[in-house]
Each structure stands twice: as C-alpha cells, then as structure tokens.
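Residue numbers (the working numbering), protein chains in the order written: chain A, 328 to 423; chain B, 656 to 1133. Built from N, CA and C at the ideal position, the CB exists for glycine as well. Report on the structure given below.
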Ligand SMILES: [Zn+2]
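As structure tokens, this is what we get:
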C-alpha cells in the first residue's frame, strides 16, 4: 500500500510539486497499479532466469568514429529548444 | 606491522575518463572539446533528446577490459547497463547510464607502497558509465541564482574503479591514486593532464564507526587533505561523546574542509533498472587477446630497470612512476649510443636525468622544455671530462633560463675544464697570497682549506674541478 508519505517521496524524487488535491487523487490510482502488478507476483517463477532484456541479441557496437552513426549538432541547433540560454550555455534554476 | 591506531578504513571510488578515445561512449561526438565553446560537441544522444538511441563504442569496451586486466580483475561473462535515476541539471535524460550488479570486471587488486611496506588494495569492481555534463555557477555555488550547463562532457566514457576499504591512512590513499594513475597512463587509455580526467569520492570511517562519503575531490593532493580533515573531524565527534553518522559530505577544495550535504540529498533512491536501449555484452572471450596486448606495467618495468641497468630501486621507482620519464631514460641511452657509438653508463644517465627533472620541476616546466640533443651533448662533455659537474648544471640552467646551445654556453662562460698544470700554478699562487689561511690550516683549522680552494677556483674562473683543486692543495700543504 502506498501511503501519502510515499507519494510525497516519489514526487520529490521526480522534482514534482503536488497539491493536497493531487495527492488525494493519485494515492488510490497508484495503489490500483500496484495491485495489478501484485497479481504477477502470484506466478511461480521458481528456477526461472530473470529476463533483463526481451531481445535475443548481445554485443551491438559502434566503431570509435567521429560523427558515426549520427552527426553532432551545432551549438545553435543544440540550444534551439532551450527556454533559457546564456553565452552558449543552457540556463537552469540553481539546484540546492 | 602498521598499528593503525585510529582504526582508519578508507575506500576510494575513482572516476576515470577514457579520454584517449576519439568519441564519446554512446554517440559519435568528439572527445576533443576542451578548448571549444560550450555545447558545440553534442547530439541528440548526449543531450538526451526524446527518441535518441545509444550505441556503445567498441573501443571503450576494449579499454575497460584493458584496465580491468591491468588491475588483476576478472572480466565478467555477462555484463549489462542500468539506468540510475535522479534529477540534476547535469543529467539531461533524468538518468545516468551506468552498471550495477553486472559490472564489466571485478575482484582485482593494486599493490602500493603502504605504511609498512608493500600493501595490497583490493579492487571491488571497475564498471563503465557515462559522464554527466559540466555545471558552471555564476559566482559561488551557494549564491548564484542560475546554473549554466555545458553538455560537451556529457556522454564521455567513464570507468568507475571502486576499491575495497583497504587503505589505512590518507597517505596510502594518495599512493593508491598515484599508482592507479600511473597504470592508466601506461595503458594509454587516459590523459591525466586534461581537466576532469580523474575525480574521486572517498569513503572513510574510524574505530569501526559509520562511514562518511566525501564527494568532489579532483586531485590526489585534494584526496589526502580531505581525508586528513575528515579523520580529525570524526575523532572530535567521538571525543565529545557524539556518534559519527552515515552521511555524504562535500569537499570544499579552497577551504580544505568537508561539509555535510543536506540529508535529503542522501536519500539514495536511484531506482536502478536495466537499460532497455542497450543489449547485454558477452565479451569475456575478448580478454585473452587483449591481455596479450597489455604493455609492460610500472612494477614490471621498475624491476627490469634495476636488473638490466643496475640502477638503484628508488631511482627505478621514480623513473617508472611517470611514463614520460621511464621512456625518456631508455630512449636517451639508445640515442646516446647511436650518436656517439659508445654505451652511456645508465647510472650516470639516471643521475643526470634526475638533475634535469629537478631543474624542470623548479621552473614548473615539462620535459618538452629541454631538447634531448642538448642533454646528449652535455652528457658527452661530462663523459669526455671536458666540463665539470658544476659546469654541466650551469649549462642546464642557462639553457632553461636564457636559451642557446651547450657549445655556445661552454665557450661564452669558459666552462671547459682547465689543464692540470694551470690548476697547480693557481694552487701555488693561492698558497703564496694567503699566508694567514695556510697558517690557520696548519694550526688545525680545517675550514681554512675552503678559503684556499675558493681562491683557486677564483683564479681559474671556476673551470677547475673543486675536488681536484682540493686534492692538489692538500698535496702541496701536506
Ligand atoms: Zn553526442
């Protein structure tokens, strides 16, 4: 069961600010998601290797070559979506 | 046997940038960004743009295996990547791609010179990860309102080398870092002179208490100072009857103190999960072939230097402690033989390389500041007894401070050794002109001899060998 305290913690980890109202709404929703996953816990997985990846592939590499497979962006392109920038840097609020 | 009176236990996590690669670990952006404007070597992958997919650099994997083998680690059968989730502006995706329970190599060791002789420090594991971006704060970190971010560094290949808590003093920690750096340089995977090439987090506890993790150490000297400070701090806490708590502390390099970070920051809750965009690696089969390519490492080279050249162990240690000087020494011997068709005594070579090193260090210069040909000429002049040792030092200093060539300096300063009869004439004159000193010496004042030697040196304008002058004087006074 997720309590309000857990939700506050999860929100903090994701740097989200939740109102009292949001909390009321999300707590039962998250609990129903967890309940659903709880059903999976009932499957007997004794002796089954955990699946980390669904693809039956290993060892995919790229060579150490500049601009391969894709080219770098220009500084202008890189910053084109930034809400705030300064002297070629991205600008963000200071983190505590 | 080292007693370790405070029960100090230190473990280090060293982040090594594999900066000799051409490109970053998961994209084709160049690693050569150090002199370029911010955000000029970035792409959708290292900017964490939606939909961008990482593909791992094969050379980075090879380099990681190389380091693992050099640190006596086992290369793991199965290795894979995880997402380590946290929000910080230096991490554009909101997670760092790193390794967790399947690191590429583990279970090795490094031998260092410990408090009581050779000491083995265990390597828990060496795992691969990506470097975050670089943050720039306007003004000081606690006063600025904004953070500026440069993602040129984002996605550089890092290897995190985690040691066991086997170091028992800050000095051992420094030696461990020196040794690790030394090995990395020999492996040619790392240029330690580049900014941000090596960063250290240290874990330290005393008297079996809780450990503090110290972040933000950027040099081996910084590590030693941060640890010394931390031992004093923890001892003070205990003396006041307090308890050392498990916490993360930040090293303030300017003030040389460690500061507690907010406790909320320490709620490590990274929610690791397997990185779905990178498939696992099964590369332990590469290890034997890569092992074949490993170069001679510092310890082996040091032993060979002692055996092959007959130099002292501490000289061999000092030479092999820096790859550039180990190579210089061997190249120098070879170059001398090529140039003068005669073998140079390695003991003489190492003694003069140490002089050169000292003069360069004093001026904060590197080996490139002194032409190897000049050093060869100077050694030849010494071997053929054309100049004195003082003269050789004079030439080295003059070359560094004013430039020129050894021959010019010899001619200008009249440094060629003078003939024996000139010395003996000078000695005779000195005895005649300084009767008081002679009388003093004969009366048993040993020091009076020095002023006579000084007089001889003055008459020969310093070209006489002081030791020879002294002998001639003793002979005549005797
Ligand atoms: Zn990139």
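query	result
Rounded to the nearest angstrom, how far is the Cβ of residue 864 (chain B) from that of residue 887 (chain B), given a contact under 8 Å?	The Cβ separation is near 14 Å, so there is no contact.
Could you check whether the Cβ of residue 364 (chain A) sits closer than 8 Å to any Cβ belonging to chain B?	no
Should residue 672 (chain B) be flagged as near chain A, meaning a C-beta pair shorter than 8 Å?	no
Which same chain residues, not among the five before or five after residue 831 (chain B), have their C-beta less than 8 Å away from its C-beta?	667, 765, 767, 776, 818 and 822
Please list, in chain order, the chain A residues whose beta carbon lies closer than 8 Å to that of residue 972 (chain B).	Under the 8 Å cutoff, chain A gives no residues; its nearest Cβ is about 34 Å from residue 972 (chain B).
Check whether chain A comes within 8 Å of residue 800 (chain B), counting only Cβ atoms and requiring the distance to be less than that.	yes
Can the beta-carbon of residue 837 (chain B) be found less than 8 Å from the beta-carbon of residue 1013 (chain B)?	no
When the Cα of residue 412 (chain A) is compared with those of B:803, B:757 and B:716, which residue comes out closest?	B:803
Leaving aside the five residues before and after residue 843 (chain B) along the sequence, list all residues of the same chain whose C-beta is less than 7 Å from its C-beta, in chain order.	675
In the DSSP assignment, find the unbroken beta strand (DSSP E) run with residue 858 (chain B) in it and report its ends.	853–860
Going straight from the alpha carbon of residue 737 (chain B) to that of residue 937 (chain B), what length do you get?	16 Å
For residue 960 (chain B), which of helix, strand or coil comes out of DSSP?	helix
Find out if the Cβ-Cβ distance for the pair residue 725 (chain B), residue 673 (chain B) is shorter than 8 Å.	no
List, in order along the chain, the chain A residues whose C-beta lies closer than 7 Å to that of residue 735 (chain B)?	379
With a threshold of 8 Å between beta carbons, is residue 347 (chain A) in contact with chain B?	no
Quick test of your reading: residue 331 (chain A) and residue 698 (chain B), contact by CB under 8 Å. State the CB separation rounded to the nearest angstrom.	Their Cβ separation, rounded to whole angstroms, is 42 Å, which puts residue 331 (chain A) and residue 698 (chain B) out of contact at 8 Å.
Name the residues in the region 721–746 of chain B whose C-beta lies less than 8 Å from a C-beta of chain A; which are they?	735, 740, 741, 742, 743 and 744
Would you please state the rounded distance, in angstroms, between the beta carbons of residue 801 (chain B) and residue 420 (chain A)? I believe it to be under 8 Å.	7 Å
Counting Cβ pairs, one atom from each stretch, are 3 or more of them under 8 Å apart for the region 678–685 of chain B and the region 380–400 of chain A?	yes
Can you check which of these residues, B:713, B:890, B:964 and B:930, is closest to residue 661 (chain B) by C-alpha distance?	B:890
By alpha-carbon positions, which one of B:1077, B:788, B:763 and B:757 ends up nearest to residue 748 (chain B)?	B:788
Between the region 687–700 of chain B and chain A, which residues of the former have CB atoms less than 8 Å from a CB of the latter, in chain order?	692, 693, 694, 695, 696, 697, 698, 699 and 700
Whose C-beta lies closer than 7 Å to the C-beta of residue 920 (chain B) among residues of the same chain, with five residues either side of it excluded?	Reliability of the predicted coordinates at residue 920 (chain B) is poor, the pLDDT of 49 falling under 50, and the value obtained from them is presented with this limitation in mind. Closer than 7 Å at Cβ, skipping near neighbours: 903.
Any beta carbon of chain A sitting closer than 8 Å to that of residue 805 (chain B)?	yes
Taking Cβ positions only, does residue 767 (chain B) come closer than 8 Å to chain A?	no
Below 8 Å, can you find three or more Cβ-Cβ pairs linking the region 1108–1120 of chain B to the region 1080–1095 of chain B?	yes
If residue 671 (chain B) sits next to residue 839 (chain B), beta carbons under 8 Å apart, how far is it from one beta carbon to the other, in whole angstroms?	6 Å
Give me the residue from B:933, B:746, B:1003 and B:1065 with the minimum Cα distance to residue 702 (chain B).	B:746
Under three-state DSSP, which class holds residue 375 (chain A)?	coil
What residues of chain B sit near residue 368 (chain A), judged by a beta carbon separation below 8 Å?	Ordered by position in chain B, no residue passes the 8 Å Cβ test against residue 368 (chain A), which lies about 17 Å from the chain.
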